[in-house]
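Asker: Add 10 to the 1-based position in the sequence shown for the working numbering, that's all there is to it. Provided herewith is a single structure, encoded as structure tokens, for subsequent inquiry.
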Amino acid sequence: MNKTLKGLILGIIIGSVLMFSTSLYANTLTQFILVNARYPIVVNNLLYEDDLPILNYDGSTYVPLRALSELLNVSTSWNETLRQVEIAHETSTDSIVFRHIEVTGSQGNYVITGEAQVFEATIQYEVEDGHFLFLKDFTTASAGAPAWGTFSINIHIPEESLPENGTLMLILFEESAYDGSRIHELPIVLEIFS
């Protein structure tokens, strides 16, 4: 009976130690349960599509950084020295469908040149100051998407119509081939008046 009692006590002690160490180990692990997100992500009217999945964890959406950075027109890079990912806003006037934009001129007379990758080579544009629409028109690039075509826009706004205080902006955009909605807007400062 002594032998059985010793075995029982030893079994309880070993079981307790194993149970305690297992629960202690489990508390040091953090578990994340990610599920496929079953909803679309749209950035500036552009649907995010990629082979990599969109994930959801506890109400937060996770998208691969490289793909999202391209949609948001930011650059991402790996800094090997500091062992960190670095994200920076692009400071140029490039976007996913407009690039190499240059503006010359002043006092209502401007020439805007650049390249566009737009449907049927049609570039829509407006000139406004945030309060008043001065001009709405379109131009045609030398080639349509998927090629990059060059374009030039000449703008003339009478001096008496220019804002006294404000920023004169050119908004380049494309009309969606699917529904005609305005997509891929790129605001460009023409001149600041003060």
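Beta carbons: idealized from backbone N, C-alpha and C, even for Gly.
1. Classify H194 as buried or exposed, calling it buried when 16 or more other Cβ atoms lie within 10 Å of its own Cβ.
2. Report the partner residues of I106 according to the DSSP bridge assignment.
3. Enumerate in chain order the residues of its own chain whose CB-to-CB distance from S87 is below 6 angstroms, with the five nearest sequence positions on each side excluded.
4. Quick check on L65 - is its C-beta less than 8 angstroms from some C-beta in chain D?
5. For I64 and V121, I'd like the C-alpha separation in whole angstroms.
6. Which full runs of the beta strand (DSSP E) of 3+ residues lie inside the stretch 103-179, going along the chain?
7. Nearest by alpha-carbon distance to A47: which of V107, F161, D68 and E90 is it?
8. Within the same chain, show all residues whose beta-carbon is closer than 8 angstroms to that of A77, passing over the 5 residues directly before and after it, in chain order.
9. Closer than 7 angstroms to a non-hydrogen atom of the ligand MG - does that hold for the CB of T132?
10. Give the secondary structure of R76 by DSSP, where H, G and I count as helix, E and B as strand, and everything else as coil.
11. Under the assumption that D139 contacts P173 (Cβ atoms under 8 angstroms), give the Cβ distance between them as a whole number of angstroms.
Answerer: Quick look at the numbers:
1. buried
2. In the DSSP output, where bridge partners are listed per residue, I106 has none listed.
3. E96
4. Note that chain D does not occur in the displayed structure, where there is just one protein chain.
5. 42 angstroms
6. 108-116, 119-126, 132-138, 143-150 and 159-166
7. D68
8. Y58, D60 and L62
9. No copy of the ligand MG appears in this structure; indeed no ligand is present at all.
10. helix
11. 5 angstroms
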